[in-house]
Amino acid sequence: MALSQSLKFAPYMVELEVTTGAASGTIVGPSVGAGTLVLSAGVELVGAVGTATTHTITIGDGTTNFLASTDINSAAAGTFKVGNVVGVVAAADTIDMVQTVAGTATAATARIWAIVCDVNEGTKAAAEVDRDTLA
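Residue numbering for the sequence shown follows my numbering, starting at -18 and increasing by one per position.
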């Protein structure tokens, strides 16, 4: 297999900086294409999160929660929350953060990220096959 072909399947990171809200809801995260394997996903709290009665987040694509419901109440800037659920995003989608807030929360900057890999069929064009056969 040619080196350039094998690199197509190398893991890479997608990310999007967002602002957490003061109320429950969905915050749209980074986009991924169809046939994307999510190896890990999470959030980095760039800014400190204020104190609320409850402030939890879930990271997922609407089908799979890559990071299960996790408490971020009063979390310090620089805190990472990492999920360990692996799954494939079947159709092009976004990896979003769903937050549940009870009480008064303050907005904070966060970075939603995911380590992903394209697992679509790795076919080669005729010219690539001929070139690799001759090499």
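Note that the Cβ used here is the ideal one computed from N, Cα and C, for glycine as well.
Identify, in the order they occur along the chain, each residue of the same chain with its Cβ nearer than 6 Å to the Cβ of residue i, setting aside the five sequence neighbours on each side.
i   : result
T45 : G68
T32 : S55
Which word fits residue i, buried or exposed, when buried means at least 16 other C-beta atoms lie within 10 angstroms of its C-beta?
i      : result
L(-16) : The predicted model places L(-16) with a pLDDT of 46, which falls under 50 and marks its position as unreliable; any figure quoted below should be read in that light. Exposed, since its Cβ has fewer than 16 Cβ neighbours within 10 Å.
D42    : buried
T17    : buried
D89    : A small fix is needed here, since residue 89 is Ala in this sequence, not Asp. So A89 ends up on the buried side.
A83    : exposed
G59    : exposed
Within 9 Å of any Cβ in chain C, is that where the Cβ of residue i sits?
i     : result
P(-8) : Among the chains in the structure shown there is no chain C, since it carries only a single protein chain.
Contact check, residue i vs residue j under 8 Å by CB: the rounded distance?
i   : j   : result
A95 : F47 : 7 Å
A72 : A15 : 5 Å
I76 : V13 : 6 Å
V30 : V70 : Not a contact, Cβ separation roughly 27 Å.
G64 : A49 : 7 Å
T35 : T85 : No, T35 and T85 are not in contact; Cβ-Cβ is about 11 Å, not under 8 Å.
So, for residue i: in the same chain, excluding its five sequence neighbours on each side, which residues have a beta-carbon less than 8 Å away from its beta-carbon?
i      : result
F(-10) : C98, D99, V100 and G103
M78    : V(-1), T1, T7, I8, G10, V24, I38, T39, I40, A91 and I93
M(-6)  : W94, A95, I96 and V97
P(-8)  : L20, I96, V97 and C98
Residue ranges of each beta strand (DSSP E) within the region 9 to 97, 3 or longer: Every beta strand (DSSP E) of 3 residues or more that sits fully in the region 9 to 97 is shown, in chain order, as 17 to 26, 35 to 41, 46 to 52, 60 to 63, 68 to 70 and 77 to 83.
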